[in-house]
Amino acid sequence: MIFSSNLFIFQFLPIIFLLLLITPKKYQNLILFIGSLIFYAWGEVRYIFIMFASVLVDFVCSNQIEKNRLTHKTRIYLWISVFFNLGMLFAFKYSNFFISNLNALFDLSIRNVNLTLPLGISFYTFQTMSYTIDVYRNKVKADSNIIDFGAYVCLFPQLIAGPIVRYSDIAIELKSRVLNFENMEKGIRIFLLGLSSKVLLANNIGMLWDEIILLPNPSTITLWLGLIAFGFQIYFDFSGYSLMAIGLGRMLGFHFPDNFNYPYISQSMTEFWNRWHITLGSWFKEYVYIPLGGNRKGPLRLAINLFIVWFLTGFWHGAEYNFILWGLYFYVLLLAEKFLLLPFLRKHPILSRLYFIPLILLGWAIFAISDLSLLAQYLTTLFSLTSGYEWIYYLQNYGVILLFCFVFATPVGKWVINKINSTLIQDGLLYLSFIIAVAYLVDSSYNPFLYFRF
Amino acid sequence: MKKPWVAQAFTLTVLLLFIANMVAPIRVFSKFENRYLAQLPPLNVNQIISNQFSINYETYVNDQFFIRDTWISTKALIERLMMKQENNGIYFGKDGYLFDKMIQYPDQLAINQKYMNEFLALYPQLSISVMIPTNSASLLLDKLPNHAPQLNQYTWLKENAIEWPWIDTFSIFKSSNNPVYYKTDHHWTLYGAYLAYSEWISSIGKTPLNWEEFDVKDVKNFLGTYYSKGKPSVFQFDTLSYINPSIVSYSFANTTVDTLIDESKLSQFDKYSAFLYGNPGFAQIITNESEQPSKVLIIKDSYANSFIPFLTQHFDQIDIVDLRGYSGSIKSLVSSQDYDQILILSSFAQFSSDSNFAKLRY
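And the structure:
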């Protein structure tokens with residue numbers, strides 16, 4: 246199930262909240278666990294077993310680590326958990342990538358495995374893995390209640406597309422939290438912001454990108470416009486989904502970490518990655534970069550460590566070469582910034598953006614186009630002055646939505662809303678955008694789910 | 010008002026719609042959208058395991074959503090406020106013209122081209138004609154929104170159809186003074202059908218009748234498929250014209266009538282389906298009008314439905330095959346009947362996307 250659907254908003258949501266309201270505190274996590282399983286199984290029933298396995302393996306491993314503290318056994322259980330989580334991720338997400346590469350390299354004909362990627366597997370394997378590692382590091386205590394732990398692993402708001410919520414983030418709230426008006430109020434607001442981002446901004450601007458990528462003879466201006474459209478789409482889609490998750494979590498009484506903080510106002514790639522998908526960046530930092538030695542072992546090791554982190558970050562986004570390329574693209578830029586550019590960029594607010602914006606857009610081209618020959622063709626046209634006038638039509642059709650995207654991708658939108666200084670109008674606008682979003686969901690000819698690769 | 014209220018409004022809205030969706034009566038057909046709405050899918054283990062249930066159930070929730078038509082109109086209004094010149098693949102052109110948007114040829118086009126070649130190679134001894142009218146957007150380029158991207162279907166035909174016994178309707182349409190396409194529908198007008206008829210009849214050595222010789226009747230307030238798909242908030246009605254020549258019999262699907270026009274449909278929304286009673290897989294017209302006994306086979310899509318009534322003066326047996334609903338063999342049909350003419354008449358939109366053209370070879 247996805248949040249941005251009438252089924253979720255008008256059936257799943259009222260039912261689960263009504264159930265929680267009448268359920269005694271003691272059984273609330275059970276309701277959440279079962280509800281989340283239904284949420285997860287909705288699109289692909291069979292993968293519910295993966296969920297069970299995930300819960301069971303990490304539950305057993307973490308509790309065994311807890312029980313065998315200070316013995317060598319802790320290591321064994323840690324490796325079982327890491328091996329299991331990465332193994333699942335590898336099996337479902339990467340096996341076809343490696344099979345087709347082996348086939349191409351050695352002229353073999355191993356058949357592809359016919360598996361659809363379980364929804365959100367890249368997110369929850371990271372979450373459960375970090376939990377067992379944290380238990381091993383003695384940062385959190387292993388949860389001895391399998392229902393509570395199951396509720397954490399499957400928790401429907403954060404199950405599918407981030408933010409990556411670590412067990413330590415919500416350990417206390419998992420045991421005791423309150424369904425109260427204040428959380429409800431705050432949560433609904435955040436949810437509505439996210440819903441509007443996804444349905445009104447991301448979906449609408451996404452149609453422009455989807456069309457431009459199909460044009461047989463696009464002009465240079467049109468292709469740059471396409472990248473702007475994609476940049477807005479992925480931002481509002483992803484941040485909108487995170488906001489919906491954070492809002493839903495809050496409604497239930499959980500405080501999830503923020504995931505986006507106006508990434509497009511950055512002055513450097515370094516800053517961008519502190520503002521974009523924040524929970525993923527800090528996950529890699531905590532569980533890959535720092536264990537590798539971080540920046541404490543000299544410039545050469547730093548360069549190698551960063552290479553590993555960015556290779557993995559790219560590859561995490563999808564089992565295709567373009568995602569690896571995309572990760573390494575940032576690796577090169579980040580390295581250049583670290584050793585050379587950063588002091589300059591920080592001092593020049595305008596020049597830095599002339600550097601940042603075109604390069605982030607180029608990055609999106611690499612991200613969005615998996616077919617490498619098509620990518621090469623796209624990049625060529627971006628820099629060859631191909632003429633054409635479709636962009637005039639597109640600007641006229643998407644001008645209003647582009648303006649909205651610009652306003653809300655920067656702090657301008659917040660500034661304007663705060664300036665209004667009337668709760669009636671502010672809430673009215675939010676409610677209006679909810680109603681319009683529902684209209685778009687009822688007549689939903691276009692509502693893509695971008696994270697099927699993640 | 011100082012106190013925030015959006016959370017309460019949201020909760021109330023969700024609860025009210027939750028209840029309204031449960032108690033509102035199930036609708037079967039939407040006049041507004043001119044289509045059948047999804048019904049509650051059957052719930053059983055197979056349906057759940059194959060994930061069909063979840064897919065169908067979501068469609069059902071959306072299709073049966075409380076006051077669905079109002080939500081759709083709301084969306085259309087917002088789109089208009091955003092100055093969108095298209096919706097759901099339909100361009101809102103100038104002078105009330107709606108067009109279907111095509112920016113890429115479907116993959117099926119090349120496949121159907123191959124099928125057509127194979128079909129023509131099967132019957133070298135027969136007199137076959139191929140007519141593939143383009144959509145209105147290819148003809149009325151100046152009526153499209155400014156700089157709107159659009160493939161010109163005629164370009165493809167000029168390059169590819171010339172290998173076939175192709176009847177080029179585009180050129181005569183270009184010089185026509187009367188409208189040959191509807192504003193709100195994907196079909197050609199009766200006049201467009203007439204021009205195509207006269208071009209084809211001349212090409213097979215017969216003499217077409219003059220336009221004035223037909224008894225043309227008009228039906229006002231016609232809204233077609235482009236309208237239903239694009240749902241423009243501003244639009245102009247079309248006038249649907251038809252002729253109803255006298256025939257001996259028209260038989261299709263165990264039914265035999267003595268008219269080509271289903272007049273009951275003319276007062277309904279989907280007026281175009283009055284022609285030939287829609288699209289049966291196989292149908293046969295017997296006339297006694299023709300100068301000498303002659304038989305024709307028309308393999309067609311719905312474009313032919315307004316075109317075929319013009320032929321009654323020239324043939325005494327008109328066999329009609331619509332590949333979408335035809336399960337017989339074309340080969341045995343052709344060998345059992347001694348056709349003087351075979352005409353393949355399909356719109357470009359159909360020809361470029363319909364996989365049923367595979368049946369041409371069997």
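Chains as they are written, first to last, in our numbering: chain A, 246 to 699; chain B, 10 to 371.
Where is the CB? At the ideal position from N, CA and C, for every residue including glycine.
Just so you know, these numbers come straight off a predicted model, no measurement behind them.
- Put simply, the backbone Cα of Lys103 (chain B) is about 15 Å away from that of Asp194 (chain B).
- Every unbroken stretch of the beta strand (DSSP E) spanning 3 or more residues and falling wholly within the stretch 239-306 of chain B is given here in chain order: 247-251, 258-261, 264-266 and 291-295.
- Here DSSP, grouped into helix, strand and coil, assigns Val139 (chain B) to strand.
- For a Cβ distance threshold of 8 Å, residue set Gly288, Glu289 and Val290 of chain A lies close to Asn60 (chain B), ordered along the chain.
- By the CB criterion at 7 Å, Lys431 (chain A) and Arg495 (chain A) fall inside the cutoff.
- Its Cα nearest to that of Leu360 (chain A), the residue A:Met333 stands out among A:Met333, A:Leu599 and A:Ile611.
- Any Cβ of chain A closer than 7 Å to the Cβ of Ser63 (chain B) would place that residue at the interface, and such an atom is present.
- Scanning its chain for C-beta atoms nearer than 6 Å, with the 5 sequence neighbours on each side dropped, one finds around Trp521 (chain A) the residues Pro508, in chain order.
- Contact between Pro158 (chain B) and Ile112 (chain B) holds: CB atoms are separated by about 5 Å, below the 8 Å threshold.
- In this structure, the alpha-carbon of Ile252 (chain B) lies about 21 Å from that of Phe291 (chain B).
- For Asp393 (chain A), the uninterrupted alpha helix (DSSP H) segment begins and ends at Ile391 to Cys399.
- Not flagged as an interface residue toward chain A: Trp165 (chain B), since no C-beta distance is shorter than 7 Å.
- The stretch 498-518 of chain A makes contact with the stretch 406-422 of chain A: 3 or more CB pairs, one atom from each, lie closer than 8 Å.
- Within chain A, the residues placing a beta-carbon under 8 Å from that of Glu95 (chain B) are Asn642, ordered along the chain.
- Between the stretch 468-483 of chain A and the stretch 386-396 of chain A there are fewer than three inter-stretch CB-CB distances shorter than 8 Å, so the stretches are not counted as touching.
- With respect to Met125 (chain B), Ile176 (chain B) sits apart: the two C-beta atoms are not nearer than 7 Å.
- Within the same chain, Cβ atoms closer than 7 Å to the Cβ of Pro289 (chain B) are found at Phe261, Ala262, Asp331 and Gly334, the five residues on either side in sequence being excluded.
- Listed in chain order, the non-local C-beta contacts of Leu557 (chain A) below 8 Å within the same chain comprise Phe529, Val533 and Gly572, local neighbours out to five positions each way being set aside.
- Taking Met296 (chain A) as reference, the option from A:Leu264, A:Tyr272, A:Ser307 and A:Asn330 with the minimal CA-CA separation is A:Asn330.
- Bounds of any alpha helix (DSSP H) do not take in Tyr100 (chain B); it lies within the beta strand (DSSP E) bounded by Ile99 to Phe101.
- In this structure Leu468 (chain A) is in contact with Thr626 (chain A), their Cβ atoms being roughly 5 Å apart against a cut-off of 8 Å.
- Rounded to whole angstroms, Leu607 (chain A) and Leu472 (chain A) show a C-alpha spacing of 8 Å.
- Across the stretch 344-361 of chain A, no CB contact with chain B closer than 7 Å is found for any residue.
- A Cβ-Cβ contact shorter than 7 Å links Thr377 (chain A) with Asp303 (chain A).
- Here the alpha carbon of Ile614 (chain A) sits roughly 23 Å from the alpha carbon of Ser442 (chain A).
- Checking the DSSP bridge columns, you'll see Glu95 (chain B) partnered with B:Tyr100.
- Taking a Cβ-Cβ threshold of 9 Å, none of the residues of chain B is close to Ser442 (chain A); the smallest such distance is about 16 Å.
- When C-beta atoms of the stretch 662-677 of chain A are compared with those of the stretch 43-52 of chain B, fewer than three pairs fall below 8 Å, so the two segments do not count as touching.
- For Lys84 (chain B), at least one C-beta of chain A is nearer than 7 Å to its own C-beta.
- Minimum Cα-Cα distance from Gln326 (chain B) among the listed residues B:Ile351, B:Gln293 and B:Ser341 corresponds to B:Gln293.
- Shortest Cα-Cα distance from Phe231 (chain B) to any of B:Ser258, B:Tyr206 and B:Tyr190 involves B:Tyr190.
- The beta carbon of Tyr381 (chain A) is closer than 7 Å to those of Ile310, Thr319 and Leu323 in its chain, skipping five residues each way along the sequence.
- Shown here for Ser345 (chain A): same chain residues with a beta carbon closer than 8 Å to its own, the five before and five after excluded, namely Asn357 in chain order.
- Listed by position along chain B, the residues whose Cβ is nearer than 7 Å to that of Arg434 (chain A) are Val15 and Ala16.
- Rounded to whole angstroms, the Cβ separation of Ser362 (chain B) and Pro115 (chain B) is 5 Å, and the two are in contact under 8 Å.
- Neighbours of Arg44 (chain B) in chain A, taken as residues at a C-beta separation under 7 Å, are lacking, since the least C-beta distance is about 13 Å.
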